[in-house]
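Those protein sequence lines, which keep their order, are chains C and Y. Residue numbers are given in our numbering: position 220 of the first sequence equals residue 220, and the series is strictly consecutive. To convert a position in the second sequence, counted from 1, into our numbering, add 1000.
2 protein chains.
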Amino acid sequence: MRRFVIGSARNLLHRSHQNSQFQRPLLSSSYRLLSSSPSANPSSSSSSTMAPPVALNNINPKVLECEYAVRGEIVTLAQKLQEEIKAKPESHPFEEILYCNIGNPQSLGQQPITFFREVLALCDHPAILDKSETQGLFSADSIERAWQILDQIPGRATGAYSHSQGVKGLRDAIAAGIEARDGFPADPNDIFLTDGASPAVHMMMQLLIRSEKDGILCPIPQYPLYSASIALHGGSLVPYYLDEATGWGLEVSELKKQLETARSKGITVRALVVINPGNPTGQLLAEENQKAIVEFCKQEGLVLLADEVYQENVYVPEKKFHSFKKVSRSMGYGEKDISLVSFQSVSKGYYGECGKRGGYMEITGFGADVREQIYKVASVNLCSNISGQILASLVMSPPKVGDESYESYSAERDGILSSLARRAKTLEDAFNKLEGVKCNKAEGAMYLFPRIELPEKAIKAAEAAKKAPDAYYCQRLLTATGIVFVPGSGFGQVPGTWHFRCTILPQEEKIPAVVSRLTDFHKSFMDEFRG
Amino acid sequence: MRRFVIGSARNLLHRSHQNSQFQRPLLSSSYRLLSSSPSANPSSSSSSTMAPPVALNNINPKVLECEYAVRGEIVTLAQKLQEEIKAKPESHPFEEILYCNIGNPQSLGQQPITFFREVLALCDHPAILDKSETQGLFSADSIERAWQILDQIPGRATGAYSHSQGVKGLRDAIAAGIEARDGFPADPNDIFLTDGASPAVHMMMQLLIRSEKDGILCPIPQYPLYSASIALHGGSLVPYYLDEATGWGLEVSELKKQLETARSKGITVRALVVINPGNPTGQLLAEENQKAIVEFCKQEGLVLLADEVYQENVYVPEKKFHSFKKVSRSMGYGEKDISLVSFQSVSKGYYGECGKRGGYMEITGFGADVREQIYKVASVNLCSNISGQILASLVMSPPKVGDESYESYSAERDGILSSLARRAKTLEDAFNKLEGVKCNKAEGAMYLFPRIELPEKAIKAAEAAKKAPDAYYCQRLLTATGIVFVPGSGFGQVPGTWHFRCTILPQEEKIPAVVSRLTDFHKSFMDEFRG
């Protein structure tokens, strides 16, 4: 069966020029030329000149070019195995598939935060707000919060399209949450609520990329949304490498080097993507490092695209998340100094509400005319879903000390975060005990990205199977144990090195089984291929 | 203040070649070239070569090109007036803004269908399903349905990302609903659930459009999502004109003529968009007409993109909605004969749940390899919001005779639809009483699109104000009455004719006021400009 991942066996940074056949004609896109006057006589049909049907050789080559490993080949195989197990429980040497491929906590049993769900349910069905039974079912502060939110929505209509940036009152709550987090003002007019963070990333790529001559600086390894979005919008990904040896350090000297290299090839670099805490790498940037990055973007006239969706996922007491907005404001840089976009999502954090598709971007340092263009693009899709909007406001303004729900809310939150920290540590230690594997600490986010030294024979076997070596390892792991990792080649890595990404999300009671299955598999894999 | 609608004063079909300055370089989009080896020495920085800041002259020209009149200039003005009234109630000769610009029923007071909201609330907060108070608050069949839906979601996790096409069990329900509607089989694997219909339309445009040389046949007038999406994806809109004189008739001879014209200019026409019931035109296609359209697409090798989001909005007892899938299957055409995409949304119908952003497309007649590409693009955004997915399944499988909710459900549904039919008729009659205005019947959808003959002096006044004549009329109407119509120039119209789109959505008790304010304004406008 043909898989959809084009070139999955190739390294992300070593792809062939598959696209060169699709050169774009230099025509005006105006369609005035194409219209006949409606009063003219119809010409005769030419049904003999059949247009070709839709096929791989006549679809948009940017679609072909795009890759998204997190739901790629390995996951398709996992779904197939899952169906086989369902149909025939004894068909594989494991009872279930363990999806460690994607940051999807509730799919692995994480429970939603009660307060958030109470408010969402009440906003979905406000007719029950006045009923006496409701007080027996819902906390007093969730009822009060639902009323507050409904009062911010014109006509209390949660079923109406909102303003294309999102309900104003919800943006007010988010701006207040940002202010409380950063200690610097935030403007609700800078907030664009979106269906998760991904559409916000696409909007910025769509705005900035005019052609292959426009480049976006992206970390390697990176979350493949960025490479996919840049490919779909026809731009060039300009990679900068995180330094694995220093815990995935981000060096400004590396940024400068790659910027220069890109410029020397005629690329106009428009923006720098920074993912903090890192995905797939889990590192948390130091404030001094962030300052240097801000200074670099200011000096070089780059938009700073700050992926801050893991801002609540920090597992090391000695480090703290600082938003790039806070850092740039603390340096005295305001609207006129730096163009900055911060992405946030309800899918991550301790809430992990991936299915709700809520998120926002905060845009600062763009002129009114450009912002009107961003608004126009948002308006074409009308608005993001209102439940996601409400949830985005809730995660930025959760219950406070004294609220009826505060105690249970904070217990749920802390329980999830401390468990994630323990799971991260257990898995990190387990990886570091494997032969040929070295794993940096997950300071934040939801992932580990260990490096694996594969025996020469394994690399040969992968070649024979027409797979990247890390993809081959992950496939063998899956078919032997049911554990789904994503090969490092889907995120990018230093050529000749091999990694995989593993989420820290299996429920805590399952971690020992993951570790022992992985350890056993790894030993037998290494035994099989040891030289 | 600069408005975001570029060229709003120009007719949709007579735009300048503003884009010709933005010619695309013919470079490979591979980014292999751009990367230095991470082990090379960092080169020195060149902070003197500042990249230009983000400005209108260096953003993606396709973004500039795109227009979306439904939330365009006139709506921005309406929002400004609304704020002025809020700040100073006596500041304008009306007390409120009446938004007739957009199909957003609940924003104007339409109530949601109780059963749907009960199920959504229960799925948002399943913890209450077992509680005794819940039975006092919710209908028995909504509780049962919520259990059924939760059982279809792995781990009952409504907070998890689903399969990128949507939850399989919900797609099963939708496929069953399509089968019940059409009498022909539907496959859940053909369904892609999306956040409203708009992202589905974008996905198809993204797939089909390679360059300006690829054309999409679109009705004129059209819903401007299509022109916006084609512009954003860099294709060419190939217009075909609906015949106003025959109630917005769609003639295959016109399709053929425009197809030939486009081909003679070197355009590869990839697809035909048909909106049925029509937006903004409200007509319902006759089955024979649909057959001829299917035959045309088959003969010419075009993908048929069928916008069927108004399938429940039919107001004439003598006519019936037929899906294009049903029509093509009834002609004996299957998977191998025609590539067909049907768009459906929870935002329209009697439900009008715009804020929930639910919808789907049903894709038939595409090869497995192309479908894998569509799936890949869907997977980059992970999935659509689960509440919207649930609602999409509910509108395709509402309560049945015998269910506890059936009576109240059908009373709510019929009440909304019959009221919409009355409002459509009242507004149509009112328009036809206005001097120089002629309005076709709204057989379906949510709009009227009357034609207005403007006096020469009014056209001159519009020219002096640098507006299209219909935009000028709509702006005058808004500032005099608070009523928001969208000028026909935002949808496209036969050159030299003028129209506006008006929704039939103000609540029934407000219709007399709309009619009298419109009638008074129109008379004074015509008096002012009569020759």
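We treat Cβ as the ideally placed atom computed from N, Cα and C, and that holds for glycine.
Can you tell me whether C:Val309 is helix, strand or coil according to DSSP? Within the first sequence, numbered from 1, the residue matching residue 309 of chain C stands at position 309. Here C:Val309 sits in coil by DSSP.
Quick one: what does DSSP say C:Gln165 is sitting in, helix, strand or coil? As a working note, residue 165 of chain C is residue 165 in the first sequence. Of the three classes helix, strand and coil, the one that applies to C:Gln165 here is coil, per DSSP.
Whole alpha helix (DSSP H) elements within the region 1398-1451 of chain Y, 4-residue minimum: 1406-1433
Any chain Y beta carbon closer than 9 Å to C:His125: Here residue 125 of chain C refers to the residue found at position 125 of the first sequence. For C:His125, the answer is yes, since a Cβ of chain Y falls inside 9 Å of its Cβ.
Any beta carbon of chain C sitting closer than 9 Å to that of Y:Glu1096? Taking the second sequence and counting its residues from 1, one reaches residue 1096 of chain Y at position 96. Not closer than 9 Å to any Cβ of chain C, the Cβ of Y:Glu1096 fails to qualify, so no.
Just to confirm, are Y:Val1167 and Y:Ser1142 a CB contact at a threshold of 9 Å? Taking the second sequence and counting its residues from 1, one reaches residue 1167 of chain Y at position 167. Taking the second sequence and counting its residues from 1, one reaches residue 1142 of chain Y at position 142. No, they are not a contact pair.
What are the uninterrupted segments assigned as alpha helix (DSSP H) that are 4 or more residues long and contained completely in the region 118-156 of chain C, given in chain order? 132-137, 140-152
Opening and closing residue of the alpha helix (DSSP H) in which Y:Ala1200 lies: Residue numbering aside, residue 1200 of chain Y sits at position 200 when the second sequence is read from its first letter. 1198-1208 is the extent of the alpha helix (DSSP H) around Y:Ala1200.
Under a three-way DSSP split, which group does C:Ser379 fall into? Translated into positions along the first sequence, residue 379 of chain C becomes position 379. Three-state DSSP puts C:Ser379 in a helix.
In the DSSP assignment, the alpha helix (DSSP H) including Y:Glu1300 goes from what residue to what residue? What you label residue 1300 of chain Y is simply residue 300 of the second sequence in a count that begins at 1. Counting along the chain, the alpha helix (DSSP H) containing Y:Glu1300 begins and ends at 1287-1300.
Using DSSP's beta-bridge definition, name the partner residues of C:Cys502. Numbered from 1 along the first sequence, position 502 holds the residue referred to as residue 502 of chain C. Per DSSP, C:Leu448.
Straight-line Cα distance separating Y:Lys1348 from Y:Ser1229: Taking the second sequence and counting its residues from 1, the one referred to as residue 1229 of chain Y is at position 229. Taking the second sequence and counting its residues from 1, the one referred to as residue 1348 of chain Y is at position 348. In a straight line, the C-alpha of Y:Ser1229 is about 20 Å away from that of Y:Lys1348.
If I measure Cβ to Cβ from Y:Ser1323 and keep anything under 8 Å in the same chain, skipping five residues before and after, which residues do I get? For the purposes of this step, residue 1323 of chain Y is taken as residue 323 along the second sequence, with counting starting at 1. If we look at Y:Ser1323 and ignore the five residues flanking it on each side, its Cβ neighbours are Ile1178, Arg1181, Asp1182, Ala1306, Glu1308, Gln1311, Ser1342.
What does the alpha-carbon distance come out to for the pair C:Ala186 and C:Ala175? Position 186 of the first sequence, counted from the start, is the residue given in the question as residue 186 of chain C. Position 175 of the first sequence, counted from the start, is the residue given in the question as residue 175 of chain C. Each residue's alpha carbon lies about 5 Å from the other.
From this set, C:Thr114, C:Trp498, C:Arg357, which residue's C-alpha is nearest C:Ser139's C-alpha? In the first sequence, counting from the first residue as 1, residue 139 of chain C sits at position 139. The residue with the shortest Cα to Cα distance from C:Ser139 is C:Thr114.
Just verifying my parser: in three-state terms, what is the DSSP assignment at Y:Met1396? For the purposes of this step, residue 1396 of chain Y is identified with residue 396 of the second sequence, where counting begins at 1. Of the three classes helix, strand and coil, the one that applies to Y:Met1396 here is coil, per DSSP.
Local Cβ density within 10 Å of C:Arg571, reported as buried at 16 or more and exposed below that: Only positions 1 to 531 of chain C appear in this structure, which leaves residue 571 of chain C out of reach.
Is C:Asp214 helix, strand or coil when you go by DSSP? One-based indexing of the first sequence puts residue 214 of chain C at position 214. Looking at C:Asp214 - three-state DSSP - the assignment turns out to be strand.
For Y:Gln1023, count neighbouring C-beta atoms within 10 Å of its own C-beta (all shown protein chains included) and say buried if the count is 16 or more, exposed if not. Within the second sequence, the letter at position 23 stands for residue 1023 of chain Y. Annotation note: pLDDT 27 at Y:Gln1023 (below 50); position unreliable, no value reported.
In the DSSP output, what is C:Asp243 paired with across the bridge? In the first sequence, the residue the question calls residue 243 of chain C occupies position 243. C:Asp243 pairs with C:Gly249.
CA-CA distance, C:Glu84 and C:Val514? Taking the first residue of the first sequence as position 1, residue 84 of chain C is located at position 84. Taking the first residue of the first sequence as position 1, residue 514 of chain C is located at position 514. Near 21 Å, if we compare the C-alpha coordinates of C:Val514 and C:Glu84.
Is the CB of Y:Ala1160 under 9 Å away from at least one CB in chain C? As a first step, residue 1160 of chain Y is located in the second sequence; it is residue number 160 there, counting from the start. By this cut-off, Y:Ala1160 is an interface position.
Kindly list, in the order they appear in chain C, the residues whose Cβ is closer than 8 Å to that of Y:Tyr1226. As a first step, residue 1226 of chain Y must be located in the second sequence, where it is residue number 226. None at all; the shortest Cβ gap to chain C is about 10 Å.
Cutting at 6 Å between CB atoms, please list the residues of its own chain near Y:Val1437, excluding the five before and the five after it. On the second sequence, residue 1437 of chain Y is found 437 positions in, with the first residue counted as 1. Here the set comprises Phe1431, Pro1450, Ile1452.
In chain C, which residues lie less than 7 Å from Y:Ile1128 when you measure between Cβ atoms? On the second sequence, position 128 is the one that residue 1128 of chain Y refers to. Those within 7 Å of Y:Ile1128 in chain C are Leu137.
Could you tell me the boundaries of the alpha helix (DSSP H) in which C:Ser229 lies? Within the first sequence, the letter at position 229 stands for residue 229 of chain C. From DSSP, the alpha helix (DSSP H) with C:Ser229 extends over 225-232.
What residues in the region 1152-1177 of chain Y bring their beta carbon closer than 7 Å to a beta carbon of chain C? Pro1154, Gly1155, Ala1157, Thr1158, Gly1159, Ala1160, Tyr1161, Ser1162, Ser1164
Distance, Y:Asn1101 Cα to Y:Ala1245 Cα: As a position in the second sequence, residue 1245 of chain Y is number 245, starting the count at 1. As a position in the second sequence, residue 1101 of chain Y is number 101, starting the count at 1. In a straight line, the C-alpha of Y:Ala1245 is about 24 Å away from that of Y:Asn1101.
Under the rule that 16 or more other beta-carbon atoms within 10 Å means buried, what is C:Pro52, buried or exposed? For this step, residue 52 of chain C is matched to residue 52 along the first sequence. Annotation note: pLDDT 42 at C:Pro52 (below 50); position unreliable, no value reported.
Starting from C:Leu477, trace the alpha helix (DSSP H) both ways and give me its first and last residue. Here residue 477 of chain C refers to the residue found at position 477 when the first sequence is read from its first residue. Note, C:Leu477: alpha helix (DSSP H), 469-481.
Buried or exposed, going by whether 16 or more other CB atoms sit within 10 Å of the CB of Y:Ala1055? Locating residue 1055 of chain Y in the second sequence gives position 55, counting from the first residue. The residue is exposed, with fewer than 16 neighbouring Cβ atoms inside 10 Å.
Give a yes or no on whether the C-beta atoms belonging to Y:Ser1387 and Y:Asp1172 are separated by under 9 Å. Residue 1387 of chain Y sits at position 387 when you count from the first residue of the second sequence. Residue 1172 of chain Y sits at position 172 when you count from the first residue of the second sequence. No, the pair does not count as a contact, with Cβ atoms beyond the cut-off.
Counting only beta-carbon separations shorter than 9 Å, does C:Phe491 have a partner in chain Y? Translated into positions along the first sequence, residue 491 of chain C becomes position 491. No, its Cβ sits nowhere closer than 9 Å to a Cβ of chain Y.
Terminal residues of the continuous beta strand (DSSP E) containing C:Arg620? A query on residue 620 of chain C cannot be resolved here, the shown segment of chain C reaching from 1 to 531 and no further.
Name the DSSP beta bridge partners of C:Thr281, please? The sequence position of residue 281 of chain C within the first sequence is 281, counting from 1. The partner list for C:Thr281 (beta bridge, DSSP) is empty, contrary to what the question assumes.
Beta-carbon separation of C:Val316 and C:Gly415 under 9 Å? Position 316 of the first sequence, counting from 1, holds the residue named residue 316 of chain C. Position 415 of the first sequence, counting from 1, holds the residue named residue 415 of chain C. No, Cβ-Cβ distance for C:Val316 and C:Gly415 is not below 9 Å.
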